[in-house]
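Novice: For the sequence shown, counting from 1, position 127 maps to 127 in this note's numbering; every step adds exactly one.
Think of the CB as a built atom: it goes at the ideal place given N, C-alpha and C, for glycine as much as any other residue.
Computed from a predicted model, the values in this text were never measured in an experiment.
Take this structure, written in structure tokens, and hold onto it; I'll ask about it next.
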Amino acid sequence: MRMLSPREARALDAAAAHLASAARRYDPTAAFAPTSLVALGRIEYDLPLSTELMYWYHTQAPAHEMVVPHRNGALRMYAPTDILARQSGLRWRSLPGGGPGRLYDDWPSTWVAVGAIACAPIIAEVGVSATPVGLARRSADTWSAALLAPNLATYLEALARWLEVVVSATGARGAADVARVGGVAWRAGDGFAPEMASALARALAPVIPSEALALWLSPETAGNGGSR
1 MRMLSPREAR ALDAAAAHLA SAARRYDPTA AFAPTSLVAL GRIEYDLPLS
51 TELMYWYHTQ APAHEMVVPH RNGALRMYAP TDILARQSGL RWRSLPGGGP
101 GRLYDDWPST WVAVGAIACA PIIAEVGVSA TPVGLARRSA DTWSAALLAP
151 NLATYLEALA RWLEVVVSAT GARGAADVAR VGGVAWRAGD GFAPEMASAL
201 ARALAPVIPS EALALWLSPE TAGNGGSR
């Protein structure tokens, strides 16, 4: 496994700190903490983790599942301690006694589900340099992924900005405050309210490439993904 450069580590630290701060602003109970290398080693025995993902999990990843109000129900970021269980139904079947089962043939072996928007998995491509992040969709028994960010640090930074613009700016407090967010951020059946779309585009454009920005602004961000 390659080592992060000082610049890459600083970028991940800054983005993770911003995400933690933005999450606590709308939900004071949101907790972020390092996961021990021993625990990460146990995870990596069954599941490949990239250098970037290992670094984030070992510094300031969610201590428990982070749940964010979203137009399609909820956006979830998984805690490292839950990451193995969250691959069930996507990467592998669960065994009766717990633990991973047989790998599904159609799930790319270098994809790790790190979260979800409704039932569409947010995947980290751990076999690609810098760990791109995408939104997985399943159609005709085939998985594909649309780009959310070209690397993990950029995704964490963009998610922090999304939280600030779409969630905290509406006055929402806590993961259950979906109605407040929905009343301000979205128009029924028509995606983001125009003023919200403009504000979000201004916040994300400096960090997200144009082809990914369109997905962040899409009225149907969750697509048709889901487990089997």
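On the DSSP bridge assignment, give the partners of Thr142 in chain order.
Specialist: In the DSSP output, where bridge partners are listed per residue, Thr142 has Ser139.
Novice: Curious, which full-length beta strand (DSSP E) runs of at least 3 residues does the stretch 12-64 contain?
Specialist: DSSP runs (the beta strand (DSSP E)) wholly in the stretch 12-64: none.
Novice: Per DSSP, which residues does Gly115 bridge with? Please list them.
Specialist: Met77 and Ile122, per the DSSP bridge assignment.
Novice: Closest by CA to Ser36, which one among Tyr55, Leu47 and Arg24?
Specialist: The shortest C-alpha separation from Ser36 is found at Tyr55.
Novice: When you compare the CB positions of Ala153 and Glu125, do they come within less than 9 Å of one another, or not?
Specialist: It is not a contact, given that the beta carbons lie outside the stated cut-off.
Novice: Between Leu159, Gly73 and His64, which has its C-alpha nearest Ala212's C-alpha?
Specialist: Residue Leu159 is the option with its Cα nearest to Ala212.
Novice: Can you give the Cα-Cα distance for Arg138 and Ile117, rounded to whole angstroms?
Specialist: For Arg138 and Ile117, the distance between alpha carbons rounds to 14 Å.
Novice: If we ignore side chains and look at the alpha-carbon of each, how far apart do Arg161 and Ser109 end up?
Specialist: Between Arg161 and Ser109, the C-alpha separation is close to 30 Å.
Novice: What's the call for Leu103, buried or exposed, on a 16-neighbour Cβ count within 10 Å?
Specialist: Burial call: exposed.
Novice: For the beta strand (DSSP E) containing Pro209, list its first residue and its last residue.
Specialist: Unbroken run through Pro209: none, as it is neither H nor E.
Novice: Assuming Pro69 is part of the beta strand (DSSP E), what are its boundary residues?
Specialist: Pro69 -> beta strand (DSSP E) spans Met66 to His70.
Novice: Look up Leu84 in the DSSP assignment and say whether it is helix, strand or coil.
Specialist: Looking at Leu84 - three-state DSSP - the assignment turns out to be coil, as it is neither helix nor strand.
Novice: Excluding the 5 residues preceding and the 5 following Leu40 in the sequence, name in chain order all residues of the same chain whose CB lies nearer than 8 Å to its CB.
Specialist: So the list reads Leu49, Met54, Tyr57, His58 and Pro80, once near-sequence residues are dropped.
Novice: In the structure shown, what three-state DSSP assignment does Arg2 receive?
Specialist: Note: Arg2 maps to coil in three-state DSSP.
Novice: Check whether the Cβ atoms of Leu147 and Val128 sit closer than 9 Å, and answer yes or no.
Specialist: No, the pair does not count as a contact, with Cβ atoms beyond the cut-off.
Novice: Straight-line CA distance for Ala149 to Glu65?
Specialist: Each residue's alpha carbon lies about 21 Å from the other.
Novice: Taking 9 Å as the threshold (C-beta atoms), are Leu19 and Leu163 in contact?
Specialist: Yes, they are a contact pair.
Novice: Beta-carbon within less than 6 Å of Ala130's beta-carbon, same chain only, minus the 5 sequence neighbours each way: which residues are those?
Specialist: Taken in chain order, the residues that qualify are Asn151.
Novice: Could you tell me which of Thr51, Leu90, Arg42 and Gly191 sits nearest to Met3, measuring between CA atoms?
Specialist: Of the candidates Thr51, Leu90, Arg42 and Gly191, the one whose C-alpha sits nearest the C-alpha of Met3 is Thr51.
Novice: Roughly how many whole angstroms lie between the Cα atoms of Leu12 and Ala193?
Specialist: Whole-angstrom Cα-Cα distance: 31 Å.
Novice: Using CA coordinates, which residue listed in Val165, Ala214 and Leu217 is at the minimum distance from Arg25?
Specialist: Among Val165, Ala214 and Leu217, the Cα nearest to that of Arg25 is on Val165.
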